[in-house]
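Visitor: Take any residue in the sequence shown, note its place counting from 1, add 1141, and you have its number in the working numbering.
Glycine included, every Cβ here is placed at the ideal spot set by N, Cα and C.
Here it is: the structure, laid out below.
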Amino acid sequence: MPTILLVEDDKVIAESISFALESDSFKVNWREMGNDALDYLNNNTVDLVLLDIGLPDISGFDVLRKIRIDSEIPIIIITARDADADIVLGLEGLGADDYVTKPFNPRVLVARIRAQLRRANKQASIAKESTAKSKSKQVFTINEDMNQILLHDQVIDLTKAECKILLHLVRNPNRIHSKEQLLNVMYDRPTGSSDSTIVTHIKLIRKSLNKIDPDNEYIENHRGLGYSLVL
């Protein structure tokens, strides 16, 4: 359940937004004051911030500026201010992700929130994949000219078919690959070979990896789904 921090001093608007979000399976934490919202963020994790600009204690723009010092959490400004200068300041000057002017349709606001969460999840996934691939390159070394893969700078004893399978896993770490996908990688084309072929090859690859690094299990079996290289 995504958690939303709602920073809004108007109780009627806050209750309306909270009702719409909670009806759509969001968890809402409501704060009327900007400083209270900042204190909450210092001690809690949320998925997105809905931020009013006209707050009683400090400007919502100041809240946005302070959040952006060390966080890239999605922030949607919700305000009655519709001047172009305010919109440009919020989006470009201070780094808000969206700007919604009051009054607004709660369903439209929910749609905008979901769009920002999808974007944030995609960016996090890309960053995680990039980190995994970088780590994979540090652990495994590929010598395509010699048709070799090295683990901790030691050549792994592999057949040509096993080399193809491991190479595919190394290049796509932390992803589950079905037995059918690995069979296609091994033969470079769709094939009618049985799953037991892959099971045998994976067993032999694990054995070869274990000879070099007996303290780690690099290939994980996801029952009924396939295999992944875990880093």
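If you run the structure through DSSP and keep just helix, strand and coil, what is residue 1150?
Guide: Coil at residue 1150, not helix or strand.
Visitor: Quick check on the DSSP output: the beta strand (DSSP E) that includes residue 1240 runs from which residue to which?
Guide: Residues 1239-1242.
Visitor: Quick check: the segment 1151-1168 against the segment 1176-1184, are at least 3 beta-carbon pairs closer than 8 Å?
Guide: Result no; under three Cβ-Cβ pairs closer than 8 Å.
Visitor: Taking Cβ positions, are residue 1217 and residue 1191 nearer each other than 8 Å?
Guide: Cβ atoms of residue 1217 and residue 1191: closer than 8 Å.
Visitor: DSSP on residue 1351, reduced to helix/strand/coil?
Guide: In the structure shown, residue 1351 sits in a helix (DSSP, three-state: H, G or I).
Visitor: Do you know offhand how far residue 1213's Cα is from residue 1202's?
Guide: Using only the alpha carbons, I get a separation of about 15 Å.
Visitor: If you draw a straight line from the alpha carbon of residue 1210 to that of residue 1219, how long is it in whole angstroms?
Guide: Rounded to whole angstroms, residue 1210 to residue 1219 spans 20 Å at the Cα level.
Visitor: Ignore the nearest five residues each way along the sequence and tell me which others in residue 1240's own chain have a CB closer than 7 Å to its CB.
Guide: Within the same chain, residue 1240 has close Cβ partners 1218, 1228, 1231 and 1232.
Visitor: Please return the same chain residues whose Cβ sits closer than 7 Å to the Cβ of residue 1350, not counting the five positions on each side in sequence.
Guide: Within the same chain, residue 1350 has close Cβ partners 1292, 1297 and 1359.
Visitor: Would you report the Cα separation of residue 1263 and residue 1257, rounded to the nearest angstrom?
Guide: Each residue's Cα considered, the two are about 10 Å apart.
Visitor: Once the 5 residues before and after residue 1129 are set aside, which same chain residues still bring their CB inside 6 Å of it?
Guide: No statement about residue 1129 is possible, as the shown extent of the chain runs from 1142 to 1372 and does not include it.
Visitor: What did DSSP end up calling residue 1213 once you bin it into helix, strand or coil?
Guide: Coil at residue 1213, not helix or strand.
Visitor: Tell me whether residue 1201 sits in a helix, a strand or coil according to DSSP, three-state version.
Guide: In the structure shown, residue 1201 sits in a helix (DSSP, three-state: H, G or I).
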